[in-house]
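Structure, as structure tokens:
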Amino acid sequence: LNEFIAAAYMPFCDDFGPMSLGTVHEFCDLLLDHQNAHQDRWIVIRISTGRRSLTNVIFLLGAFMVMHLDKTPDEVHNTFVPLKHKT
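With the numbering used here as the guide, the letters of the sequence shown map in order to residues 19 to 105.
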């Protein structure tokens, strides 16, 4: 998963745009596969330092939570609020 997140968005020059829906779908499939294969373990995602990496992983995890865990956008937001104070 870590390698996927690092390569998930390929910037043009130095832009910072949205990820494609295909990338979001692929990430969700990958996370579901890991979740099903390791049901008795925690899944830990380690990212490189920097706001862009953190933004990407929060976006991908938030999308996963909405689409596969039936969380509302407010629930997802509240999950990640503590990270706002640590960056």
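Even for Gly, the Cβ is constructed at its ideal location relative to N, Cα and C.
Determine the DSSP secondary structure at residue i, reduced to helix, strand or coil.
{"i": "Thr97", "result": "helix"}
{"i": "Glu68", "result": "Looking at the sequence itself, residue 68 is Gly, so the reference to Glu does not match. Coil at Gly68, not helix or strand."}
{"i": "Leu48", "result": "helix"}
{"i": "Val42", "result": "helix"}
{"i": "Met37", "result": "coil"}
{"i": "Gln57", "result": "coil"}
{"i": "Ile63", "result": "coil"}
{"i": "Leu78", "result": "helix"}
{"i": "Thr73", "result": "helix"}
Can the beta-carbon of residue i be found less than 7 Å from the beta-carbon of residue j?
{"i": "Ile164", "j": "His52", "result": "There is simply no residue 164 to check, as the chain begins at 19 and stops at 105 in what is shown."}
{"i": "Ile76", "j": "Phe98", "result": "yes"}
Considering Cα atoms alone, identify which of the options is closest to residue i.
{"i": "Asp47", "options": "Met83, Pro100 and His95", "result": "Met83"}
{"i": "Pro91", "options": "Leu79, His43 and Ala55", "result": "Leu79"}
{"i": "Ser38", "options": "Leu101, Ala81, Leu49 and Val94", "result": "Ala81"}
{"i": "Pro106", "options": "Met85, Leu72, Lys89 and Thr67", "result": "Residue 106 lies beyond the residue range present for the chain, which begins at 19 and ends at 105; the question has no answer from this structure."}
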